[in-house]
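Quick note on our numbering: the sequence shown kicks off at 4 and runs consecutively.
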Amino acid sequence: MSLHSNTLPSDESFLDGEHAIFLEQIYQQYQETPDEVSVEWRDYFSRMEQGIVTNGAATNGSGMVHTPNVAMQSGANYVPQSVLERRSFQVRVSQLINAYRYIGHLNASTNPLGGYGEMPEIPQLDLAYHELDQTDQNIAFDPGSFNITAEPTLGNIYKALQETYKRTTGFEYMHITDMEEKRWIQARIEPGMARDPMTGEQRKALLKQLTAAEGFEQYLSRRYVGQKRFGLEGGESLIPLLHVLIQEGGREGLEEAVIGMAHRGRLNVLINLMCKPSGVLFDEFDGKTDSDDYTGDVKYHKGYSNDVSTPGGSVHLALAFNPSHLEIVSPVVEGSVRARQERREDKEGKEVMGIIIHGDAAFAGQGVVMETFSMAQTRGYRTRGTVHIVINNQVGFTTSTAADSRSTYYPTDAAKIINAPIIHVNGDDPEAVVYAAKVALDYRNHFKKDIVIDLVCYRRQGHNEADEPFMTQPIMYSIIRKLKTTRTQYAEQLVASGVLTQDESDALVKEYRSLMDEGAVTGDYLGDTAGGNALPVELQTHWNEYTGS
Numbered sequence: 004m005s006l007h008s009n010t011l012p013s014d015e016s017f018l019d020g021e022h023a024i025f026l027e028q029i030y031q032q033y034q035e036t037p038d039e040v041s042v043e044w045r046d047y048f049s050r051m052e053q054g055i056v057t058n059g060a061a062t063n064g065s066g067m068v069h070t071p072n073v074a075m076q077s078g079a080n081y082v083p084q085s086v087l088e089r090r091s092f093q094v095r096v097s098q099l100i101n102a103y104r105y106i107g108h109l110n111a112s113t114n115p116l117g118g119y120g121e122m123p124e125i126p127q128l129d130l131a132y133h134e135l136d137q138t139d140q141n142i143a144f145d146p147g148s149f150n151i152t153a154e155p156t157l158g159n160i161y162k163a164l165q166e167t168y169k170r171t172t173g174f175e176y177m178h179i180t181d182m183e184e185k186r187w188i189q190a191r192i193e194p195g196m197a198r199d200p201m202t203g204e205q206r207k208a209l210l211k212q213l214t215a216a217e218g219f220e221q222y223l224s225r226r227y228v229g230q231k232r233f234g235l236e237g238g239e240s241l242i243p244l245l246h247v248l249i250q251e252g253g254r255e256g257l258e259e260a261v262i263g264m265a266h267r268g269r270l271n272v273l274i275n276l277m278c279k280p281s282g283v284l285f286d287e288f289d290g291k292t293d294s295d296d297y298t299g300d301v302k303y304h305k306g307y308s309n310d311v312s313t314p315g316g317s318v319h320l321a322l323a324f325n326p327s328h329l330e331i332v333s334p335v336v337e338g339s340v341r342a343r344q345e346r347r348e349d350k351e352g353k354e355v356m357g358i359i360i361h362g363d364a365a366f367a368g369q370g371v372v373m374e375t376f377s378m379a380q381t382r383g384y385r386t387r388g389t390v391h392i393v394i395n396n397q398v399g400f401t402t403s404t405a406a407d408s409r410s411t412y413y414p415t416d417a418a419k420i421i422n423a424p425i426i427h428v429n430g431d432d433p434e435a436v437v438y439a440a441k442v443a444l445d446y447r448n449h450f451k452k453d454i455v456i457d458l459v460c461y462r463r464q465g466h467n468e469a470d471e472p473f474m475t476q477p478i479m480y481s482i483i484r485k486l487k488t489t490r491t492q493y494a495e496q497l498v499a500s501g502v503l504t505q506d507e508s509d510a511l512v513k514e515y516r517s518l519m520d521e522g523a524v525t526g527d528y529l530g531d532t533a534g535g536n537a538l539p540v541e542l543q544t545h546w547n548e549y550t551g552s
């Protein structure tokens, strides 16, 4: 069915009884979400509820019923068919917009493994489902609250919906009960990543971060063959994600960040975010460390603290030790953040922020996650918003079928108990990951509430480097073994677009490898120069008497 008129006739006659059901549907939508109803209908229903509805120039006469049941009792007044079609089409467009906002994330291209484990195409996201077709593309409609910069023709609306909700980022937020939060998110993300373009220099910096993330794992694999390190291969985009949170956070006034995480990727974070000297880590691999320094825990459980430079000044980073039991570090981080905020009298959470990195299986399976969420907004324990990152490698140890590990579609569904928005993002699209991090930080700073980033990636190695994953996940790993690394894909993209040359890309790899050979700090390479202790004396904590150093 196609509508061939671009103008709405001025005749505002009542619908007759024949179209009562249609009118009831419009009125119900007006009551629930008035912004989704066209201006003409909002005006009509507003006047109707005040008892002053008019039919053209004539005031409503007897026989009309102005109650929540708005079915017309008289057949004397009618709307021309062209007006009826116009309004019917407007409703369908509004329903299309709502469908994308509610379930668009289910068909977003968030999985770097392609169709593996993805949901089939959802018909509600197609034009045909809403009885719209290509012949309607040039007709302009009222987009309601949908934020579109171009002329709101059906074609432009449909394109903007796909750009926002069906690319490599899936936004899940319509479960939130606060309308202000939903409207803020919509204004921030619609119409898609075009709102946050990256410059050539920013893309080069992003490639450097990926080079560091990949180069570190490759260096360890060659130097310490067969040793466990629980590497980040397949999830290298975690490093640029964390860099955005710290660097942009520093720009906004952040002075301290407390980070909690398990073993996966911890060594990479220590070197490429915390600026721990790589030579110190290599000594730990070689068994050269002073036995009094630590309690003997494995190196991928150890914490660290340091100060890094940001555009807004130095930020103190504290990576909590991993207590081995999965997710129990979550309340530890929250307690540390709350204590630091109280010492600073940071009542708005502007100066101190918590970042917790989870595994997908643990996030869904460990009860302490839900317990920690339940305290997130309580007066005694709230921390004014934590950024949660789920390293979703789509396999928990050797379990890769969701039906065997949880009863929810997403591993992140537990976050819905506090109405937290969830951003699902493809780890093989590093620019989308950066975009997701910026949105998450903006939301956290604005509403002082928790938000979740579901970093959909994969685990290139086994549970640890000594495991052979092909034995338990043959289908998944037949796909993974054919995939180019995230860094390789992004470098090829930048070379093809002329941002840098292949020689420049190769030089970044060699430069990082030289830093590893020297046992150096990577801060200068990544632009996050490590400094001394920038905290005021009264805020410093000294652990010497406990560590023996």
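For every residue, glycine included, the Cβ atom is placed at its ideal position computed from N, Cα and C. No experiment lies behind these values; they were computed from the predicted model shown.
Asked: Distance between beta carbons of residue 133 and residue 109, contact taken as under 8 Å; Found: Between residue 133 and residue 109 the Cβ distance is about 17 Å, and since that is not below 8 Å, they are no contact.
Asked: From 141, 356 and 148, residue whose alpha carbon lies closest to that of residue 154; Found: 141
Asked: N-terminal and C-terminal residue of the alpha helix (DSSP H) that residue 483 is part of; Found: 477 to 483
Asked: Where residue 175 falls: helix, strand or coil (DSSP); Found: strand
Asked: C-alpha distance - residue 57 paired with residue 182, whole-angstrom precision; Found: Low per-residue confidence applies at residue 57: pLDDT is 44, beneath 50, and the placement is therefore not dependable, though the value from the model is reported in the following sentence. The straight-line gap from Cα to Cα measures roughly 32 Å.
Asked: CB contact flag (residue 152, residue 143, <8 Å); Found: no
Asked: Segment contact, 8 Å Cβ cut-off, at least three pairs: the stretch 298 to 310 with the stretch 363 to 370; Found: no
Asked: Status (buried if at least 16 other CB within 10 Å, exposed otherwise) for residue 403; Found: buried
Asked: Coarse secondary structure for residue 304, derived from DSSP in three states; Found: helix
Asked: Contact the stretch 158 to 178 vs the stretch 426 to 446: 3+ CB pairs below 8 Å; Found: yes
Asked: Residue 445 versus residue 420 - alpha carbon distance; Found: 21 Å
Asked: Inter-residue Cα distance where the pair is residue 494 and residue 488; Found: 10 Å
Asked: Counted within 10 angstroms of its Cβ, other Cβ atoms place residue 30 as buried (16 or more) or exposed; Found: buried
Asked: Alpha-carbon to alpha-carbon, residue 233 and residue 268; Found: 6 Å
Asked: Reference residue 130, options 102, 149 and 150, closest by Cα; Found: 102
Asked: Rounded Cβ spacing between residue 395 and residue 459 (contact assumed at less than 8 Å); Found: 5 Å
Asked: Inside the stretch 98 to 176 only - beta strand (DSSP E) runs reaching at least 3 residues; Found: 172 to 175
Asked: Within 8 Å, strictly: CB atoms of residue 218 and residue 438; Found: no
Asked: Uninterrupted alpha helix (DSSP H) stretches inside the stretch 437 to 525 (no shorter than 4 residues); Found: 477 to 483, 489 to 499 and 505 to 521
Asked: Inter-residue spacing [alpha-carbon to alpha-carbon] between residue 250 and residue 44; Found: 47 Å
Asked: Residue environment, residue 520, which counts as buried when at least 16 other CB atoms sit within 10 Å; Found: exposed
Asked: Local Cβ density within 10 Å of residue 71, reported as buried at 16 or more and exposed below that; Found: In this prediction, residue 71 scores a pLDDT of 40, lower than 50, which makes its location untrustworthy; the coordinate-derived value is nonetheless stated afterwards. With fewer than 16 Cβ atoms within 10 Å of its Cβ, residue 71 is classed as exposed.
Asked: Contact under 8 Å by Cβ, residue 216 with residue 271; Found: yes
Asked: Cα-Cα separation between residue 261 and residue 92, rounded to whole angstroms; Found: 51 Å
Asked: Same chain only: Cβ atoms within 6 Å of residue 127, ignoring 5 sequence neighbours per side; Found: 102
Asked: Under 8 Å between C-beta atoms of residue 451 and residue 387; Found: yes
Asked: Residue interval of the alpha helix (DSSP H) (run including residue 183); Found: 182 to 192
Asked: Whole-angstrom distance between residue 180 and residue 34, CA atom to CA atom; Found: 16 Å
Asked: Segment contact flag, the stretch 271 to 280 with the stretch 328 to 348, C-beta cutoff 8 Å, min 3 pairs; Found: no
Asked: Cβ pair residue 454, residue 443 closer than 8 Å; Found: yes
Asked: Residues near residue 415 in its chain [Cβ-Cβ closer than 7 Å; skip 5 each side]; Found: 366, 393, 425, 455 and 457
Asked: Strand pairing of residue 322, partner residues [DSSP]; Found: 262 and 307
Asked: Minimum Cβ-Cβ distance from residue 419 to chain D less than 8 Å; Found: The chain inventory of the structure shown lacks chain D, comprising one protein chain alone.
Asked: Residue ranges of each alpha helix (DSSP H) within the stretch 208 to 294, 4 or longer; Found: 241 to 254, 269 to 275 and 281 to 289
Asked: For residue 480, the nearest candidate out of 313, 390, 318 and 398 (CA to CA); Found: 398
Asked: Residues near residue 227 in its chain [Cβ-Cβ closer than 7 Å; skip 5 each side]; Found: 288
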